[in-house]
Amino acid sequence: MKILAIQGSPQGKRGATDKCLQSFMEGAKEAGADTETRYLVKMNIKFCTGCMNCWMVTPGRCIYRDKDDMHGLLDSWKGVDTMIWASPVYIDGVTGYMKVMMDRMMPGALPYIDTSEEGHSRHPSRRKAKEKKKLLLMSTCGFGELDNFVPMEMHIKAAVKNMADYIYAGALLRPMGPALDEAINKNTDQINKVLGYFKKAGKELVVDGKVSDESFKAVTEPLMTMQEFAESGNAYIDASTGSQRPEAKK
Numbered sequence: 004m005k006i007l008a009i010q011g012s013p014q015g016k017r018g019a020t021d022k023c024l025q026s027f028m029e030g031a032k033e034a035g036a037d038t039e040t041r042y043l044v045k046m047n048i049k050f051c052t053g054c055m056n057c058w059m060v061t062p063g064r065c066i067y068r069d070k071d072d073m074h075g076l077l078d079s080w081k082g083v084d085t086m087i088w089a090s091p092v093y094i095d096g097v098t099g100y101m102k103v104m105m106d107r108m109m110p111g112a113l114p115y116i117d118t119s120e121e122g123h124s125r126h127p128s129r130r131k132a133k134e135k136k137k138l139l140l141m142s143t144c145g146f147g148e149l150d151n152f153v154p155m156e157m158h159i160k161a162a163v164k165n166m167a168d169y170i171y172a173g174a175l176l177r178p179m180g181p182a183l184d185e186a187i188n189k190n191t192d193q194i195n196k197v198l199g200y201f202k203k204a205g206k207e208l209v210v211d212g213k214v215s216d217e218s219f220k221a222v223t224e225p226l227m228t229m230q231e232f233a234e235s236g237n238a239y240i241d242a243s244t245g246s247q248r249p250e251a252k253k
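To convert, take the position in the sequence shown, counting from 1, and add 3; that gives the numbering used here.
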C-alpha cells in the first residue's frame with residue numbers, strides 16, 4: 004500500500020499536526036506501507052487566478068504549470084492508494100496553504116455540468132477512475148471541543164465528492180493540540196498514549212484496509228479537563244510573553 008500525506012501546517016515539521024501525522028505514518032510503515040509526506044510550506048504553489056485558461060484555452064493545463072510546484076505535487080499522487088490531508092484548524096477551516104492547493108486542482112475537471120448519482124451538480128473529471136482510493140482527513144485544533152472541526156470536515160467531505168478517484172474515509176481529529184507540547188502538558192506518558200492511538204490507526208489502515216471506529220474515537224481522548232487546559236495554556240502564554248494578560252481596550 005502506498006500512502007501519501009499532504010501536510011498543510013505553516014509550522015512544517017514542528018507542532019501538533021505533524022506529531023500526530025508522523026505517528027500515524029510510523030504505524031503504517033511498520034505494517035508494510037510505502038509512506039511519503041509532502042510539506043506544502045516548503046513548496047511554491049501560486050494562487051489560482053480564476054482565469055479559466057485551464058478550462059477554456061489550454062484544457063487541463065494551468066498557466067502556472069511550469070512555473071511552480073503544483074504539477075509536480077499532482078504527479079506524486081500517481082499510484083497512491085490512500086491520501087491524507089493534514090491541516091490544523093485555522094479560523095474554522097484548513098490553512099491557507101491547503102486551500103491554495105485545493106483551488107489549484109481545478110484543471111483536473113471539465114467545465115461541463117453533470118448531475119451526480121446523488122442528484123447534485125458536479126464538474127466531471129477529465130479521467131475515468133479505475134478504482135476509488137481513500138482520502139483521510141487529519142487535523143488538530145487549539146481548543147478542546149470536537150465541534151471546532153465541523154466546518155473543516157464539511158468542507159473536505161464536499162471537496163472529495165468532486166474528486167473522481169477518491170472517497171472520503173473519515174477524519175482523525177485531535178482537539179487540545181497544544182497539550183501535546185511538553186511545555187504545556189508535563190504528562191509525557193499521556194502524550195505518548197495519544198500518539199500511540201495515531202500509530203495504531205496507521206497500522207489498521209494497512210492491515211485492515213480502514214481505520215477502526217475505536218481508533219477514530221481514541222485519538223480524540225481528552226488530555227485534561229477544559230479548565231485545566233485553559234489554565235495551563237494561559238500560564239504558558241504569560242511565561243512566554245513575560246507579561247500578564249492585558250485588559251481589553253475600551
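For glycine and all other residues, C-beta sits at the position ideal for the given N, C-alpha and C.
Quiz item: Contact check, Arg130 vs Ala167 under 8 Å by CB: the rounded distance?
Solution: In the sequence shown, residue 130 corresponds to position 127, counting from 1. In the sequence shown, residue 167 corresponds to position 164, counting from 1. About 7 Å separates the two Cβ atoms, so the contact holds.
Quiz item: How would you write the range of the beta strand (DSSP E) that Met141 sits in, first residue to last?
Solution: As a working note, residue 141 is residue 138 in the sequence shown. Lys136 to Thr143 is the span of the beta strand (DSSP E), which, as asked, contains Met141.
Exercise. Return yes when the Cβ of Leu175 is within less than 8 Å of the Cβ of Ala204, no when it is not.
Key: Here residue 204 refers to the residue found at position 201 when the sequence shown is read from its first residue. Here residue 175 refers to the residue found at position 172 when the sequence shown is read from its first residue. Going by C-beta atoms, Ala204 is nearer than 8 Å to Leu175.
Quiz item: Thr20 and Ala89 look like a contact to me (Cβ under 8 Å); what is the Cβ gap, rounded to whole Å?
Solution: Within the sequence shown, numbered from 1, the residue matching residue 20 stands at position 17. Within the sequence shown, numbered from 1, the residue matching residue 89 stands at position 86. Contact flag correct, Cβ pair sits at about 6 Å.
Quiz item: Exposed or buried, which one is Ser124 when buried takes at least 16 other CB atoms within 10 Å?
Solution: Position 121 of the sequence shown, counted from the start, is the residue given in the question as residue 124. Ser124 is exposed by the Cβ-count criterion.
Quiz item: Among all the DSSP beta bridges, which residues are the ones paired with Gly15?
Solution: Your numbering for residue 15 matches position 12 in the sequence shown. According to DSSP, Gly15 bridges with nothing at all.
Quiz item: Do you know how far the Cα of Arg64 is from the Cα of Gly147?
Solution: Start at 1 with the first residue of the sequence shown, and residue 147 comes out as number 144. Start at 1 with the first residue of the sequence shown, and residue 64 comes out as number 61. Roughly 42 Å separates the two Cα atoms.
Quiz item: Buried or exposed: where does Cys54 fall if 16 or more other Cβ atoms within 10 Å of its Cβ makes it buried?
Solution: Residue mapping note: residue 54 aligns to position 51 of the sequence shown, counting from 1. With fewer than 16 other Cβ atoms within 10 Å, it is exposed.
Quiz item: With which residues is Tyr42 paired in a DSSP beta bridge?
Solution: Taking the sequence shown and counting its residues from 1, one reaches residue 42 at position 39. Bridge partners of Tyr42: Gln10.
Exercise. Would you identify the three-state DSSP class for Trp88, choosing helix, strand or coil?
Key: Position 85 of the sequence shown, counted from the first residue, corresponds to residue 88. Of the three classes helix, strand and coil, the one that applies to Trp88 here is strand, per DSSP.
Quiz item: Does Gly111 get closer than 8 Å to chain B when you measure Cβ to Cβ?
Solution: The structure shown contains no chain B; it holds only a single protein chain.
Quiz item: In terms of residue numbering, what span does the beta strand (DSSP E) encompassing Leu176 cover?
Solution: If you number the sequence shown from 1, residue 176 lands on position 173. Counting along the chain, the beta strand (DSSP E) containing Leu176 begins and ends at Tyr169 to Arg177.
Quiz prompt | Glu207 - containing alpha helix (DSSP H), residue span | solution = Along the sequence shown, read from residue 1 onward, the residue named residue 207 stands at position 204. Here the alpha helix (DSSP H) through Glu207 covers Thr191 to Asp211.
Quiz item: For Pro13 versus Tyr100, is the C-beta spacing smaller than 8 Å?
Solution: Here residue 13 is taken as the residue at index 10 of the sequence shown, counted from 1. Here residue 100 is taken as the residue at index 97 of the sequence shown, counted from 1. Closer than 8 Å, so yes.
Exercise. Find out if the Cβ-Cβ distance for the pair Thr223, Pro178 is shorter than 8 Å.
Key: For the purposes of this step, residue 223 is taken as residue 220 along the sequence shown, with counting starting at 1. For the purposes of this step, residue 178 is taken as residue 175 along the sequence shown, with counting starting at 1. Against a cut-off of 8 Å, the Cβ pair of Pro178 and Thr223 comes out as a contact.
Self-check item: Anticipated Cβ contact below 8 Å, Thr85 with Leu139, distance rounded
Solution: The residue you call residue 85 lines up with position 82 of the sequence shown. The residue you call residue 139 lines up with position 136 of the sequence shown. Confirmed, Cβ separation roughly 7 Å.
Quiz item: Using the C-alpha atoms, what's the distance from Ile9 back to Lys136?
Solution: Here residue 136 is taken as the residue at index 133 of the sequence shown, counted from 1. Here residue 9 is taken as the residue at index 6 of the sequence shown, counted from 1. About 15 Å.
Quiz item: Of the residues Cys57, Asp216 and Gly82, which one's Cα is nearest the Cα of Met109?
Solution: Position 106 of the sequence shown, counted from the first residue, corresponds to residue 109. Answer by Cα proximity: Cys57.
Quiz item: Since Ile87 and Asp71 are thought to touch, with beta carbons under 8 Å apart, how far apart are those beta carbons, to the nearest angstrom?
Solution: Indexing the sequence shown from 1 puts residue 87 at position 84. Indexing the sequence shown from 1 puts residue 71 at position 68. So it is not a contact: roughly 22 Å between Cβ atoms.
Quiz item: Taking C-alpha atoms, which residue in Tyr171, Leu226, Met157 and Phe219 lies nearest to Gln193?
Solution: In the sequence shown, the residue the question calls residue 193 occupies position 190. The option with the nearest alpha carbon to Gln193 is Leu226.
Self-check item: Where the alpha helix (DSSP H) containing Arg234 begins and where it ends
Solution: As a working note, residue 234 is residue 231 in the sequence shown. The sequence as given places Glu at residue 234; Arg does not occur at that position. Segment Met229 to Thr244, the alpha helix (DSSP H) holding Glu234.
Practice problem: Using the Cα positions of Lys213 and Tyr171, report the straight-line distance between them to the nearest angstrom. | Solution: Counting from one through the sequence shown, the residue named residue 213 turns up at place 210. Counting from one through the sequence shown, the residue named residue 171 turns up at place 168. Computed Cα separation, rounded: 11 Å.
Quiz item: Span of the alpha helix (DSSP H) holding Met155?
Solution: What you label residue 155 is simply residue 152 of the sequence shown in a count that begins at 1. That run of the alpha helix (DSSP H) goes Val153 to Val163.
Self-check item: Cut-off 7 Å between Cβ atoms - residues of its own chain near Leu43, not counting five sequence neighbours on either side
Solution: In the sequence shown, residue 43 corresponds to position 40, counting from 1. Once the five neighbours on either side are set aside, the close Cβ partners of Leu43 are Ile9, Gln10, Gly11, Tyr100, Met101 and Met104.
Quiz item: Looking at C-alpha atoms only, which residue of Pro91, Asp95, Arg41 and Pro62 is the closest neighbour of Met73?
Solution: Taking the sequence shown and counting its residues from 1, one reaches residue 73 at position 70. The residue with the shortest Cα to Cα distance from Met73 is Arg41.
Quiz item: Excluding five sequence neighbours on each side, which residues of the same chain lie with their C-beta closer than 8 Å to the C-beta of Gly96?
Solution: Within the sequence shown, residue 96 is the residue found at index 93, counting from 1. Excluding residues within five positions, the ones whose Cβ falls inside 8 Å are Lys102, Pro154, Met155 and His158.
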